[in-house]
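Top to bottom, those sequences are chains A and B. Counting in this note's numbering, the first sequence runs from 2 upward without gaps. Counting in this note's numbering, the second sequence runs from 622 upward without gaps. As structure tokens, the structure follows; a few thoughts come after it.
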Amino acid sequence: MGDPQYGTDGPLVRRHRWLSAATGLSAAALALTVLAPLVTHGVGWPTAARDTIAADGYAATGATNLVSAIYLGYRAFDTLGETIVLLVALAGSMALVASTPGRPDLAADAAGGLVDRRGAGHTDVINVIAGKLAPIVLLFGAYVMLYGHASPGGGFQGGVALASGVIFIAIGRRAGGVGRISPSIAAFGPRALSRIEAIAFASILALSFPGSGDALAGLIGAIGEAAGGSGERAATVAPIIALNIGIGLKVGSGVALTCVMMLGGERE
Amino acid sequence: MIEALLAIVVAASIYAMLSKDLLHGAIALSLTSVLSAAIFFLAMAPDVAITEAAVGAGLSTIVFVWAIRNTERTDRS
Chain A
2 MGDPQYGTDG PLVRRHRWLS AATGLSAAAL ALTVLAPLVT HGVGWPTAAR DTIAADGYAA
62 TGATNLVSAI YLGYRAFDTL GETIVLLVAL AGSMALVAST PGRPDLAADA AGGLVDRRGA
122 GHTDVINVIA GKLAPIVLLF GAYVMLYGHA SPGGGFQGGV ALASGVIFIA IGRRAGGVGR
182 ISPSIAAFGP RALSRIEAIA FASILALSFP GSGDALAGLI GAIGEAAGGS GERAATVAPI
242 IALNIGIGLK VGSGVALTCV MMLGGERE
Chain B
622 MIEALLAIVV AASIYAMLSK DLLHGAIALS LTSVLSAAIF FLAMAPDVAI TEAAVGAGLS
682 TIVFVWAIRN TERTDRS
């Protein structure tokens, strides 16, 4: 309160306010200068890449969802880079979360264990909703992840939905509403999550080596032929499904791990 | 339809900026994410809609609520 920087008056604050207003206005003017020609100019959007992908995307990658075809078929290395960025961001935020002391009252609350958390605003409504929603959200996430090549979604979206399901389980567990899913709780602990993330990231890296996608496609094609089908479509789309699963598990476990740590799950 | 949703998004964003109660602001931001997801869906971009709903309404809200819980709930400036 007595901190001069955060007071409501004083010349320092007033000058800063003018400075931020001027900076904001000049940033808006710069953005308008860059963006306005895009809207006002008569030249249309570039269409060459779009038309090529629309014409050849299905045949080249086997994915009916062209968004997946682009970001896992044509630009998989771009996606690999994004995954690494996400990994670094998660590592940074987990370091922050782990080093946050937290408020003493909350720490004592968490040390109280499973049952005492009910008092901290956790009602039966939250217990029931978290417990009932978790399997549905996990199933939805798995569907979005596995069918990213054919329907909207993909590894990242499915992974985040999976993470939401794990968070629901963590909330239910923290609130004491373990219920029926208690035998499988160890599968959603921090240790298991970090192992899943490491294995999934290793498999994404393995798939990014030259030739590994073709090898996987050949393997799936051979299995498909042995099963009596032609196996051609399955072979073409196999690397995309494999990348979707890898990215989904990596994103899901990484995000879930961060959130479970934030919820205080690591103290148990 | 899209215009009405956009108007609510703008109103909720302004409320999130001006609200002194940071928890109310975080929930208003979550509302903008849900409505943006609806707008993306209406604009026939279901992939983006799924991402916006999961990341914007779900995970970033959890991060905000965690940060508010570990600091304080009111905006003092």
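Idealized CB from N, CA, C, for every residue including glycine.
Exposed unless 16 or more other CB atoms sit within 10 angstroms - verdict on residue i
i	result
A/HIS17	exposed
A/GLY58	buried
A/ILE242	buried
A/LYS251	buried
B/GLU693	exposed
A/ALA56	exposed
A/VAL35	exposed
A/ASP125	exposed
A/ALA77	buried
B/ILE683	buried
A/SER100	exposed
B/ILE635	exposed
A/ALA233	Ala is not the amino acid found at residue 233 of chain A; the sequence shown has Glu there. Looking at its Cβ environment, which holds fewer than 16 other Cβ atoms inside 10 Å, A/GLU233 is exposed.
7 Å Cβ cutoff met for residue i and residue j
i	j	result
B/LEU626	B/ALA659	yes
A/GLY132	A/VAL145	no
B/ALA666	B/LEU650	no
A/GLY247	A/ALA201	yes
A/HIS150	A/SER209	no
A/TYR72	A/THR80	yes
A/LEU264	A/PRO240	no
A/ALA207	A/ILE221	no
B/LEU643	B/ILE689	yes
A/LEU147	A/PHE169	no
A/LEU97	A/GLY255	no
B/LEU663	B/ILE623	yes
B/GLY677	B/SER654	yes
DSSP-derived helix/strand/coil call for residue i
i	result
A/ASP215	helix
B/THR692	coil
Neighbourhood of residue i by C-beta distance below 7 Å, restricted to the same chain and skipping five residues each side
i	result
A/LEU139	LEU163 and GLY166
B/ILE629	LEU656
B/VAL631	none
Distance cut-off 6 Å: residue i Cβ against heavy atoms of the ligand ADP
i	result
A/CYS260	Here there are no bound small molecules, and the ligand ADP is not part of this structure.
Sequence-distant residues of its chain with Cβ nearer than 6 Å to residue i (five each side left out)
i	result
A/PHE141	ALA162
A/THR237	GLY63
8 Å CB neighbourhood of residue i in its chain, flanking five on each side removed
i	result
A/LEU244	LEU73, ALA77, THR80, GLY156, ILE205 and LEU208
A/ALA32	none
Next on the checklist: At a CB distance below 7 Å, what residues from the segment 665-683 of chain B approach chain A? Give them in sequence order.
Outcome noted: Answer in chain order: PRO667, ASP668, ILE671, THR672, ALA675, VAL676, GLY679, LEU680 and ILE683.
Item to check | Residues of the segment 68-101 of chain A whose Cβ lies closer than 9 Å to any Cβ of chain B, in chain order | outcome: Going along the segment 68-101 of chain A in chain order, one finds VAL68, SER69, SER94, VAL98 and THR101 with a Cβ nearer than 9 Å to chain B.
Item to check | chain B contacts made by the segment 152-171 of chain A, where a contact means CB separation under 8 Å | outcome: Answer in chain order: PRO153, GLY154, GLY155, PHE157, GLN158, VAL161, ALA162, ALA164, SER165 and ILE168.
Item to check | Contacting positions in the segment 242-266 of chain A - beta carbon closer than 9 Å to chain B | outcome: Here the close residues are VAL256, THR259, CYS260, MET263 and LEU264.
Checklist entry - Any residues in the segment 129-153 of chain A with a beta carbon nearer than 7 Å to a beta carbon of chain B? Which ones, in chain order? => result Against chain B - using a Cβ distance shorter than 7 Å - the residues of the segment 129-153 of chain A are VAL145 and PRO153.
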